[in-house]
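Enquirer: Next up is a structure, given as structure tokens.
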Amino acid sequence: MDLPNIETYLRPNQIQAIANWGEGWAWLAGGTWLFSEPQPHLKVLVDMQKLGWSEIEVKADHLIIGATCPLIKLLEYPWLEEWTAVAGFKSAIATLAASFKVINMATVGGNICLALSVGTLAPLMVALDASYEIWNLKGESRIVAAKDFQIGFKATILQPGEILRRILIPLSHLKWKINYQHFSLATTDSALVIVVLAKNDQQVRCVIGASVAAPRLLECENIETAQRQLITSLENENFIVDAKASADYRREITALLIKRSLQ
Ligand SMILES: Cc1cc2nc3c(=O)[nH]c(=O)nc-3n(C[C@H](O)[C@H](O)[C@H](O)COP(=O)(O)OP(=O)(O)OC[C@H]3O[C@@H](n4cnc5c(N)ncnc54)[C@H](O)[C@@H]3O)c2cc1C
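Just so we're aligned, residue 11 is where the sequence shown starts under the numbering used here, counting upward by one.
Written out as structure tokens, the structure is:
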């Protein structure tokens, strides 16, 4: 849809070209969410397309995904067979109740920074113990763990003018076993519950999403007692209550998906 309140559209080819960041400014990535509903609080859009960031790179011991990488590229990349965890990318994108057009346009960074509770990639990135590189307008960077990035519904630790630059996943983590489960009330609905389980030699990392405001990491070392530990820990979580479902219902479905994942 048109956003008639937008007064300025900028398309810099480097981030340092933006001298100041003000109220009502927003980064524009794929635009699939920004142009999907009125954004009355916005005046300036800063298009990221010309920044020319690489999409998917394997460097030293990390897989590096540029924030502007379209979701479709995660499906098309020629992944090595031993990287079992990349099956999680396919499951996450399949979970998105989105058309082919959205998957072609929407970016990895846009999906993560929008920070919806139903966000499909964030729980997977937390399960894989990914890190996010964040830039400010001077091009200075800082790294945060994916688990610390989203702090609520549409809330992240990004400060005004900061941008998610890229996602780093240690190559060794790509060999982890991943199981991505989701449950929706209807096939065209967003997920009501997401459970992503990552298993390596030392631990089980279980991330719950959609049923809580932001992805939550539950860890346990003893694989034999994982089911009991993980399900017990759900008692302390704040599950969302809305017209779709009660907190108890979300907790029950989360427990069920954890059992399925472990099986
Ligand atoms: C009706 C509808 C239902 C949806 N349901 C789901 C769902 O169930 N699950 C799900 O995961 N997603 C869902 N989405 C979100 C959809 O996947 C998003 O449109 C998409 O992920 C956003 O990506 P984009 O690149 O188009 O971002 P944009 O629309 O361009 O931007 C989204 C937001 O992120 C900010 N942003 C983008 N990139 C960066 C960056 N690198 N650094 C800092 N800020 C940035 C923008 O300023 C904006 O606030 C839904 C969207 C719609 C419209």
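For every residue, glycine included, the Cβ atom is placed at its ideal position computed from N, Cα and C.
Taking only heavy atoms of ligand 1 into account, decide whether any of them is closer than 7 angstroms to the Cβ of M11.
Expert: Your numbering for residue 11 matches position 1 in the sequence shown. No; taking the cut-off as 7 angstroms, the Cβ of M11 has no heavy atom of ligand 1 nearer than that.
Enquirer: Taking the straight line between their C-alpha atoms, what separation do you get for K187 and Q213?
Expert: Position 177 of the sequence shown, counted from the first residue, corresponds to residue 187. Position 203 of the sequence shown, counted from the first residue, corresponds to residue 213. Computed Cα separation, rounded: 11 angstroms.
Enquirer: Give the DSSP-derived three-state secondary structure of V96 in the structure shown.
Expert: Walking along the sequence shown from the start, residue 96 turns up at place 86. If DSSP states are grouped into helix, strand and coil, V96 belongs with the helices.
Enquirer: Taking Cβ to Cβ, would you say K157 is nearer than 8 angstroms to L126?
Expert: Start at 1 with the first residue of the sequence shown, and residue 157 comes out as number 147. Start at 1 with the first residue of the sequence shown, and residue 126 comes out as number 116. Contact flag unset, no.
Enquirer: Could you spell out the range, first to last residue, of the alpha helix (DSSP H) harbouring T130?
Expert: In the sequence shown, counting from the first residue as 1, residue 130 sits at position 120. Careful: T130 lies outside any alpha helix (DSSP H) and carries neither H nor E.
Enquirer: Rounding to the nearest angstrom, what Cα-Cα distance links E91 and G98 in this structure?
Expert: Within the sequence shown, the letter at position 81 stands for residue 91. Within the sequence shown, the letter at position 88 stands for residue 98. Going by the C-alpha atoms only, they are around 13 angstroms apart.
Enquirer: Any idea if A155 is buried or exposed, counting beta-carbon neighbours within 10 angstroms, 16 or more meaning buried?
Expert: For the purposes of this step, residue 155 is taken as the residue at position 145 of the sequence shown. So A155 ends up on the exposed side.
Enquirer: Is the beta carbon of I173 within less than 7 angstroms of some heavy atom of ligand 1?
Expert: Along the sequence shown, read from residue 1 onward, the residue named residue 173 stands at position 163. Yes; taking the cut-off as 7 angstroms, the Cβ of I173 has a heavy atom of ligand 1 nearer than that.
Enquirer: With a CB to CB cut of under 6 angstroms and the five nearest residues on each side skipped, what residues in its chain are close to I153?
Expert: Numbered from 1 along the sequence shown, position 143 holds the residue referred to as residue 153. Within the same chain, I153 has close Cβ partners S141, E143.
Enquirer: Tell me the DSSP secondary structure of L272 in three-state form.
Expert: Position 262 of the sequence shown, counted from the start, is the residue given in the question as residue 272. DSSP places L272 in helix when its eight states are reduced to three.
Enquirer: Report yes if the C-beta of G120 is less than 7 angstroms from at least one heavy atom of ligand 2; otherwise report no.
Expert: Looking for ligand 2 in the displayed structure turns up nothing; the ligands present are ligand 1.
Enquirer: Using alpha carbons as the reference points, say which of R260, L55, S256 lies closest to R21.
Expert: Walking along the sequence shown from the start, residue 21 turns up at place 11. With distances taken between Cα atoms, R21 lies closest to L55.
Enquirer: Run the proximity test for L85: is its beta-carbon closer than 7 angstroms to any non-hydrogen atom belonging to ligand 1?
Expert: To locate residue 85, count along the sequence shown from 1; it is residue 75. No, the Cβ of L85 stays beyond 7 angstroms of every heavy atom of ligand 1.
Enquirer: Output yes or no for whether 8 angstroms exceeds the beta carbon distance between L61 and Q24.
Expert: Here residue 61 corresponds to residue number 51 of the sequence shown, with the count starting at 1. Here residue 24 corresponds to residue number 14 of the sequence shown, with the count starting at 1. Yes, Cβ-Cβ distance for L61 and Q24 is below 8 angstroms.
Enquirer: If you drop the 5 nearest sequence neighbours on each side, which residues of the same chain put their C-beta closer than 6 angstroms to that of R261?
Expert: Your numbering for residue 261 matches position 251 in the sequence shown. Closer than 6 angstroms at Cβ, skipping near neighbours: L244, F249.
Enquirer: In this structure, does DSSP put R21 in helix, strand or coil?
Expert: Counted from its first residue, the sequence shown places residue 21 at position 11. The answer is coil: DSSP assigns R21 none of H, G, I, E or B.
Enquirer: Within 7 angstroms: the Cβ of A257 and any heavy atom of ligand 1?
Expert: Here the question's residue 257 lines up with position 247 in the sequence shown. A257: no, Cβ never under 7 angstroms from ligand 1.
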